Structures are given as structure tokens and as C-alpha cells.
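Under my numbering, think of the first position of the sequence shown as 259, with each following residue one higher. Each residue gets a CB set at the ideal place from its N, CA and C atoms; glycine is no exception. Nothing here was measured: the structure is a model prediction, and the numbers come from that model. Worksheet for the structure shown next.
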Amino acid sequence: MVDHSVMRAVRCIVVALSLLGAATAGAQQLPTPAPTAENASPAAEAQRQVDQPLNNAPVWREVRSHGPQTTTVVGRETNILIQPQGQTWRTLRNSDISVFGGWALVAVFLVLAAFYLIKGTVELKAPPTGRKIQRFTLLDRTIHWATAVTFSILAISGLIILFGKAVLLPLIGYTLFSWLAILAKSLHNFVGPLFAVCLIFLLVDFVRDNFPRRGDGLWLRRLGGLLSDHEPPSGKFNAGEKLWFWGGACVLGIIVSAAGFVLDFPNFDQTRQTMQTAHVVHSIGAVLFMLGGLGHIYLGTLGMAGAYDSMKTGYVDEEWAREHHEYWYND
């Protein structure tokens, strides 16, 4: 029994070594590549200067120097054939932004899932009274849902654009991914300006109730009652919602929208470096925006009972208002 096992192992090793030897021999038999313009010897360069005057090492060094040349085409940077900084941008986009951004989204999603499994939905401590209080008007809800829908379209299409090549392409193949990427890019380009318009309406409509007021500091120190059984009193919007409004919708929303307009309309004579910088700012800002959006969506749906109904119907139960927004309830 042992002898058979040993023989099988020996045969496997022999086969593996044979394949390795064949591969090595094949590699050794490959023809030596012809010298390129940049690694040619001085004699080869001199001959190439005669045979191909514009295909030699000095010419390509000058092309890669990012210095301006002469051209009859009118426009910004039309006299620069190669921009070496483009490789830096590509590396940053495909490594740091994609890798760290992707894992950050996965980590936040897993944290929220674990929190839900541990704590579940936050329910009312007292029975509902049945008496309803209007929390949001029809205009409030229309603006919010228009912004939410456009945000969701941009988030999904942006994820496909940023991570699709690494995640989806191996799963669905080139043909289907090609159509999906084209659809995602078109939606992203056309829905982006619409989101910016909705964002302006949202900021104007909700700003009056998002200024700091008494109780916000206490709410933050107690993490909104996250680790206790009692939520600190707050106004119509608590300190967490205000942070999301100012930091998310206002700051990140404006930054992402502004950078998106630069990318969406390259016909305003932007330089390549301007487009690359705008893309980096847009990508990082969008990932941060989505990270905050995950928390906002969680608390507005699974995390807290009654929160979704307030934006769906505009009304909340009197007890819900008292427990979660006591100052607003008393007002």
C-alpha cells in the first residue's frame, strides 16, 4: 500500500518536472526580441537615424519628456504627445482608490450587518398611541426621494465603473460586461447633473432644521443612545442626521458634483492633469459619500422602526416622535 503511494508520488513529480523542463526549453527557444529604439546600441541608433529618422532613442526620449512640441492642431496640450503623469493616475485609480475604497465599502456593510444581527431593529419602548404627527410635507418627500433615486443610480453605476473590471468581468465575460459598462457609463453621465439639481433643492429645503442647537453635544457624546437603552433628546433632526446633512449632502455632495461636472463636460478645454485630478477627487469623494449613505439607508430602513414610514407617508406616531425627537415633539 505504501509502495503504491510512493510510486504515485514519484510519477507525479516526474510529470511535473517534465512539464517544467518543456516550458523552460520552450522559453529558451523563443527568439530574442529585436532591440527597440530606446535600448538600441549606438551603432544601431546611428543606422536607425538613417533608415527611420523619427524612430530612435533621442526622439522617444523627447516625446516622453512631457515638453511641448510643434503641431498644426489648435487646442490645450495638443502639442504634448505623451503625458507620463497619466501612468501615475492610472496606478492610483487601479490600486489605492479601487482596493482601499472597495474594502472600506465591504467593511462598513459587514459592520452594519453584524450590528443588525446583534441588536436588531430599534423598536418603541412604549406602545404606539395611534395619534399621528406630520413630520415631512409632500414637497419634502418628493425632493428627498428624487435625490435618493438619483443617488442610488449613480452609486450602482459608479460601482460598476470603478470595480466592474475586477469583480464582474471574470464572472459574466467580456460581451455582457461590455454592454453593462456602456449602460452604467451612460446612466452615470446623464443622471449626474440631475442629482446635482436635486441636491440643491434638498439643501435649501432641509437646511432650516439642521442648524446646531441645544442637546446636539450630549447626543454625540452618548452616540445617540447606541450603547444604552435611552436616546438623548433632540430636535427635528438629531446630531447624527445633521452631520450627514452638512458633511455628506452638503460638503461631499458639492465636491462630488463639481468634480463630476468637470468629467462630464471635457469640452471646456480642460487639461489632462485637470481631468485626472477631478477623477481622483470624484472617486474618493464618491466612496466616502457611499460609506455615509450605507449608514443613512440602514437607519432609515432596517435599523429603526417607523423611520421609513415617516418618509413614505410623511407622518409618525406620537410616541415615536417623543422617544426619538423629544425636543421636536415638545415644540
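{"Check": "Is residue 377 buried or exposed, if buried means 16 or more other CB atoms sit within 10 Å of its CB?", "Outcome": "exposed"}
{"Check": "Can you tell me whether residue 491 is buried or exposed, with buried defined as 16 or more other CB within 10 angstroms of its CB?", "Outcome": "buried"}
{"Check": "To the nearest angstrom, report how far apart residue 487 and residue 582 are at their CA atoms.", "Outcome": "12 angstroms"}
{"Check": "Based on Cα-Cα distance, which residue from 365, 356, 430, 384 lies nearest to residue 579?", "Outcome": "384"}
{"Check": "From 501, 364, 346, pick the residue whose C-alpha is nearest to that of residue 467; which is it?", "Outcome": "501"}
{"Check": "Apart from the five residues on each side of it in sequence, which residues of its chain come closer than 7 angstroms, Cβ to Cβ, to residue 524?", "Outcome": "533"}
{"Check": "Applying the criterion that 16 or more other CB atoms from any shown protein chain within 10 Å of the CB defines a buried residue, is residue 442 buried or exposed?", "Outcome": "buried"}
{"Check": "Please report the Cβ distance between residue 353 and residue 420, rounded to the nearest whole angstrom; I am assuming they are in contact, meaning their Cβ atoms lie under 8 angstroms.", "Outcome": "Contact flag wrong, Cβ pair sits at about 12 angstroms."}
{"Check": "Per DSSP, residue 390 is paired with what?", "Outcome": "575"}
{"Check": "Return the CA-CA distance between residue 340 and residue 304, expressed in angstroms with no decimal places.", "Outcome": "24 angstroms"}
{"Check": "Whose C-beta lies closer than 8 angstroms to the C-beta of residue 366 among residues of the same chain, with five residues either side of it excluded?", "Outcome": "549, 552, 553"}
{"Check": "Output yes if chain C places a C-beta closer than 8 angstroms to the C-beta of residue 579; else output no.", "Outcome": "Among the protein chains of the structure shown there is no chain C, as only one such chain exists."}
{"Check": "Excluding the 5 residues flanking residue 449 on each side, which residues of the same chain have their C-beta closer than 8 angstroms to its C-beta?", "Outcome": "408, 411, 412, 415"}
{"Check": "By the DSSP assignment, the alpha helix (DSSP H) with residue 489 in it spans what residues?", "Outcome": "Neither: residue 489 is in no alpha helix (DSSP H) and is coded neither H nor E."}
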